[in-house]
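**Q**
Protein chains: 2
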Amino acid sequence: MKGIRQLAEHLDISIGTVSRALNGKPDVNEETRRRVLAAAEELGYVANQSGRSLRQGTTNVIGLMIESSKETVENSDNFFLGLTGGLQSVLARHQLDLIMLPCPSDEDPHEYLKRMVARRVVDAMIISATQRTDKRIDLLSKTKIPFVTLGRSLSGSNYPWIDLDFDGVANCAVDRLVAQGHRRIAISAPSNDINLGFIFLDGYRSALKRHGIPFDPSLVIRVKSSEQGGYQAGHELLLLKERPTAVILIYELMAIGLYRRLMEAGVIPGRDLAVIGFREEPRAKFLQPALTCFRMSLRDLGVDLAETLLAAMPAYSHFYPDGARSKIWPLELVPGESDAFRL
Amino acid sequence: MKGIRQLAEHLDISIGTVSRALNGKPDVNEETRRRVLAAAEELGYVANQSGRSLRQGTTNVIGLMIESSKETVENSDNFFLGLTGGLQSVLARHQLDLIMLPCPSDEDPHEYLKRMVARRVVDAMIISATQRTDKRIDLLSKTKIPFVTLGRSLSGSNYPWIDLDFDGVANCAVDRLVAQGHRRIAISAPSNDINLGFIFLDGYRSALKRHGIPFDPSLVIRVKSSEQGGYQAGHELLLLKERPTAVILIYELMAIGLYRRLMEAGVIPGRDLAVIGFREEPRAKFLQPALTCFRMSLRDLGVDLAETLLAAMPAYSHFYPDGARSKIWPLELVPGESDAFRL
DNA sequence: CATAGTATCGTAAACGTTTACGGGGTGCAT
DNA sequence: ATGCACCCCGTAAACGTTTACGATACTATG
Numbered sequence: 014m015k016g017i018r019q020l021a022e023h024l025d026i027s028i029g030t031v032s033r034a035l036n037g038k039p040d041v042n043e044e045t046r047r048r049v050l051a052a053a054e055e056l057g058y059v060a061n062q063s064g065r066s067l068r069q070g071t072t073n074v075i076g077l078m079i080e081s082s083k084e085t086v087e088n089s090d091n092f093f094l095g096l097t098g099g100l101q102s103v104l105a106r107h108q109l110d111l112i113m114l115p116c117p118s119d120e121d122p123h124e125y126l127k128r129m130v131a132r133r134v135v136d137a138m139i140i141s142a143t144q145r146t147d148k149r150i151d152l153l154s155k156t157k158i159p160f161v162t163l164g165r166s167l168s169g170s171n172y173p174w175i176d177l178d179f180d181g182v183a184n185c186a187v188d189r190l191v192a193q194g195h196r197r198i199a200i201s202a203p204s205n206d207i208n209l210g211f212i213f214l215d216g217y218r219s220a221l222k223r224h225g226i227p228f229d230p231s232l233v234i235r236v237k238s239s240e241q242g243g244y245q246a247g248h249e250l251l252l253l254k255e256r257p258t259a260v261i262l263i264y265e266l267m268a269i270g271l272y273r274r275l276m277e278a279g280v281i282p283g284r285d286l287a288v289i290g291f292r293e294e295p296r297a298k299f300l301q302p303a304l305t306c307f308r309m310s311l312r313d314l315g316v317d318l319a320e321t322l323l324a325a326m327p328a329y330s331h332f333y334p335d336g337a338r339s340k341i342w343p344l345e346l347v348p349g350e351s352d353a354f355r356l
Numbered sequence: 014m015k016g017i018r019q020l021a022e023h024l025d026i027s028i029g030t031v032s033r034a035l036n037g038k039p040d041v042n043e044e045t046r047r048r049v050l051a052a053a054e055e056l057g058y059v060a061n062q063s064g065r066s067l068r069q070g071t072t073n074v075i076g077l078m079i080e081s082s083k084e085t086v087e088n089s090d091n092f093f094l095g096l097t098g099g100l101q102s103v104l105a106r107h108q109l110d111l112i113m114l115p116c117p118s119d120e121d122p123h124e125y126l127k128r129m130v131a132r133r134v135v136d137a138m139i140i141s142a143t144q145r146t147d148k149r150i151d152l153l154s155k156t157k158i159p160f161v162t163l164g165r166s167l168s169g170s171n172y173p174w175i176d177l178d179f180d181g182v183a184n185c186a187v188d189r190l191v192a193q194g195h196r197r198i199a200i201s202a203p204s205n206d207i208n209l210g211f212i213f214l215d216g217y218r219s220a221l222k223r224h225g226i227p228f229d230p231s232l233v234i235r236v237k238s239s240e241q242g243g244y245q246a247g248h249e250l251l252l253l254k255e256r257p258t259a260v261i262l263i264y265e266l267m268a269i270g271l272y273r274r275l276m277e278a279g280v281i282p283g284r285d286l287a288v289i290g291f292r293e294e295p296r297a298k299f300l301q302p303a304l305t306c307f308r309m310s311l312r313d314l315g316v317d318l319a320e321t322l323l324a325a326m327p328a329y330s331h332f333y334p335d336g337a338r339s340k341i342w343p344l345e346l347v348p349g350e351s352d353a354f355r356l
């Protein structure tokens, strides 16, 4: 099966009518539409995407940009795959397909994104891991391509975004630890360039201030958000002259390495050191001791992202009249054993 | 900047020459080529992908299909993101872009793939998580679209594939455990529909036979390849009337849940029960006790996949004359503490 | 000087699809 | 009989590229 032309010849109908029949246009006899659909199914005809999008100037594809290079919470493990479920459930309602665009680690994310949008391979974009100032947002705003970001940024203005409540999480964690008697609380956070790192740390500092605890820069551990980073974080904690009694992790799997390093030194997490992790829960509870954590639904987050994006697309915005509001996504505390002791 | 026409007008050159200049064709003056490239850069012109691929019948895009639904080793954690690095490093040499196509969990993978290839949105495909018989392979063979699979299958014939050495891994693990005195060895494996599950189990059985150990079906634990599954595996192990002294896991992170369940029962992994995991190593070594595991480089695997795929594409095959051979990827044992005791 | 060869460029067709436009038929009311 | 509305369908022009082909000017060769 080559193209719509062959299909039309086979049916002995004009090519225009065939196209209209396939696209559900009204001015076509129901009987002929039936014939066309049957023949298309039989011959396995599917419209060539290039021809279609060239003509109508739209690709019906939404891009989800993925940065495997950046050392953030999002890039680790199956974060993105968790999102796609929710994203696709919404996009499928409008015959939109989702593709993931992994930025090569040796290419500048900004350049990569520019290339992708210039080639007009997607109708809209979802980007994440926003930097504190992020050129990508300016780029997308300037080129007028609809987009939504997962994460706020100082760049741009009045663009749709969704963000996790890093501020709330940091505050909640500190409150909880202070209530248990802790005063010396360490925190692991990614670089401040990553906006979530900045916000997370900012929430931590404001919480300390509320409790009248002075901020000690030496308690901020800058390591990668991985098992390896967790191990290193443990190492650095042990080296501190005045050892903290609690630590807040930006990423749950860091706990594996942290636990390991602590155990090696004879320090028992959940007894000698309180640990609170971030994000996800079903896996954190299998750690030993079970990690106190914050839960969120990646699927729901995906749904929200998709609806916010569609609200920003003129062709679909009427479906989501109230979806245009940027919002901060709350997280729910899941108590574990890793901080279940009083000082 | 609209299209190549505007760019040509701006330069007062014909549209054909501009196109040739941009695409590096030989019959264009170097001076004018310089001017064209400069103007394109200045005005930010990038060729519209739809127009280009419509004309030349090629999209310069390679698709990597992702099944978030299937409960396999591949879908867990950052397996695919690990692959993309190696894949892109090769594809970039030929100006090919990689996109990831996540199959919605509520759509039949076969239908999804059919839709994607029929729309001609990619030039070639990479699929993984091959089933024991996999309709997708027949589909791709029939439509003559170049492809490579990660994983063998009984379907199709003479198609290029790369697979991990599940047979070798299972044999090696059993050998190692038997050498330590174990005779009653449990194994966790995914469904036999997933070909790797079948091969893994087959290797396990043949190894047992070599050592004269009878195969006991009750020692085959069918759980999900996740922390949750690991916990459940531990639970089922404890319920067995004649408890095994060792267990082989198909996926390393299962060890987290397994450890947890064992600890709860007062069974110490690495002392009361030997554990060997599969795949990856940098994270396994932070577990407590460190997991004996098999190491592989996802990046190298990606490179190999890309080269095997390109060898199957007529336009690129001459670059990779010896890349057409399907091969089984070896893995390297990384001894840990989880099986470091004699019975 | 004539001719062949070469370097460079312009012209126009083609890729597969959608869609604005118009035309033929039918039914109904005037 | 005429006009009108309506349903259905065919025609052809776009969409933005690439590329085969031919045209032009210049160089080298005899």
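From first to last, the protein sequence lines stand for chains W and B. First residue of the first sequence: 14, per our numbering; consecutive thereafter. First residue of the second sequence: 14, per our numbering; consecutive thereafter. Every residue, glycine too, gets a C-beta built ideally from N, C-alpha and C.
1) So LEU318/W and ILE175/W are in contact, right, with Cβ under 8 angstroms, and what is the actual spacing, rounded?
2) Between the C-alpha atoms of GLY315/W and ASP25/W, what's the straight-line distance to the nearest angstrom?
3) Would you check if the distance between the CB atom of ALA142/W and the CB atom of GLU80/W is smaller than 8 angstroms?
4) Distance check for GLY225/B and LEU114/W, CA to CA, integer angstroms please.
5) May I ask you to list, following chain order, the residues of the segment 184-211 of chain B that have a beta carbon less than 9 angstroms from some beta carbon of chain W?
6) For a quick check, are the C-beta atoms of PRO348/B and GLY181/B less than 8 angstroms apart?
7) What did DSSP end up calling THR146/W once you bin it into helix, strand or coil?
8) Which residue spans inside the segment 210-278 of chain W form an unbroken beta strand (DSSP E) run of at least 3?
9) Is there at least one Cβ from chain B nearer than 8 angstroms to GLN245/W's Cβ?
10) Report buried or exposed for LYS222/W, applying the criterion of at least 16 other Cβ atoms within 10 angstroms of its Cβ.
11) Looking at the C-beta of VAL347/B, does it have a partner C-beta in chain W at a distance below 8 angstroms?
12) What residues are listed by DSSP as bridge partners for SER204/B?
13) Which residues bound the beta strand (DSSP E) around ARG128/B?
14) In chain order, what residues of the segment 116-139 of chain B put their CB closer than 7 angstroms to some CB of chain W?
15) Looking at C-alpha atoms only, which residue of ILE17/W, ALA278/W, LYS38/W, GLU54/W is the closest neighbour of GLY64/W?
16) Closer than 9 angstroms by beta-carbon distance: list the chain B residues that pair up with GLY315/W, in chain order.
17) Is DSSP giving SER66/B helix, strand or coil here?
18) Note down, in chain order, every chain W residue with its Cβ under 9 angstroms from the Cβ of PRO295/B.
19) Quick one: residues in its chain with C-beta nearer than 8 angstroms to the C-beta of LEU322/W, no 5 flanking neighbours on either side, listed in chain order?
20) Looking only at its chain, what residues have a beta carbon closer than 6 angstroms to the beta carbon of ILE212/W, apart from the 5 residues adjacent to it on each side?
21) Could you name the residues of the same chain whose beta carbon sits closer than 7 angstroms to that of LEU356/W, not counting the 5 residues immediately before and after it, in chain order?
22) Residues of the segment 271-284 of chain W in Cβ contact with chain B at a cutoff of 7 angstroms, in chain order, please.
23) Taking the alpha helix (DSSP H) that GLY95/W falls in, what are its first and last residues?
24) In the DSSP assignment, find the unbroken beta strand (DSSP E) run with VAL161/W in it and report its ends.
25) Would the segment 244-255 of chain B count as touching the segment 306-313 of chain B if we require 3 or more Cβ pairs under 8 angstroms?
26) DSSP beta-bridge partners for ASP110/W?
27) ARG296/B by DSSP, collapsed to three states: which one?
28) Measuring straight from C-alpha to C-alpha, what distance separates LYS254/W and LEU232/W?
29) Note down, in chain order, each residue of its chain lying with its Cβ closer than 7 angstroms to the Cβ of ARG165/W, except the 5 sequence neighbours on either side.
30) Kindly give me the distance between the Cβ atoms of SER351/W and ALA278/W, rounded to whole angstroms, as I take these residues to be in contact under 8 angstroms.
31) Sorted by chain position, which residues of the same chain lie with C-beta nearer than 6 angstroms to TYR272/B's C-beta, five sequence neighbours on each side aside?
32) Chain B partners of THR97/W, CB-CB under 7 angstroms?
33) Ignore the nearest five residues each way along the sequence and tell me which others in ALA297/B's own chain have a CB closer than 6 angstroms to its CB.
34) To the nearest angstrom, how far is it from the Cα of ARG133/W to the Cα of VAL187/W?
35) Determine whether the Cβ of ALA52/W lies closer than 8 angstroms to any Cβ atom of chain B.
36) Determine the chain B residues that contact LEU300/W at a beta-carbon separation under 8 angstroms, and present them in chain order.
**A** From the atom records:
1) 6 angstroms
2) 45 angstroms
3) A contact, by the Cβ cut-off of 8 angstroms.
4) Rounded to whole angstroms, LEU114/W to GLY225/B spans 51 angstroms at the Cα level.
5) Residues: none.
6) no
7) coil
8) Taking only runs of at least 3 residues, the beta strand (DSSP E) segments lying wholly in the segment 210-278 of chain W are 259-261.
9) Under the Cβ criterion of 8 angstroms, GLN245/W is not counted among the residues facing chain B.
10) exposed
11) no
12) The partner list for SER204/B (beta bridge, DSSP) is empty, contrary to what the question assumes.
13) ARG128/B -> not in any beta strand (DSSP E); alpha helix (DSSP H) instead, spanning 122-131.
14) PRO117, SER118, ARG128, ALA131, ARG132, ARG133, VAL134
15) ILE17/W
16) Correct list: empty, because the minimum Cβ distance to chain B is about 11 angstroms.
17) helix
18) SER239, GLU240, GLN241
19) ILE75, ALA137, ILE139, PRO159, PHE160, VAL161, PRO173
20) Close CB contacts of ILE212/W within its chain, under the 6 angstroms cut and outside five residues either way in sequence, are with PHE179, ASP180 (chain order).
21) GLN193, GLY194, HIS195, THR258
22) TYR272, ARG273, MET276
23) 92-104
24) 160-163
25) no
26) VAL74/W
27) coil
28) Approximately 11 angstroms between the Cα atoms of the pair.
29) THR143, TRP174, ASP176, ASN208
30) Their Cβ separation, rounded to whole angstroms, is 16 angstroms, which puts SER351/W and ALA278/W out of contact at 8 angstroms.
31) PRO282
32) SER81, PRO115
33) Hits under 6 angstroms: GLU265, GLY290, LEU304, CYS306.
34) Separation of ARG133/W and VAL187/W (C-alpha to C-alpha, rounded to the nearest whole angstrom) is 46 angstroms.
35) no
36) ILE269, ARG273
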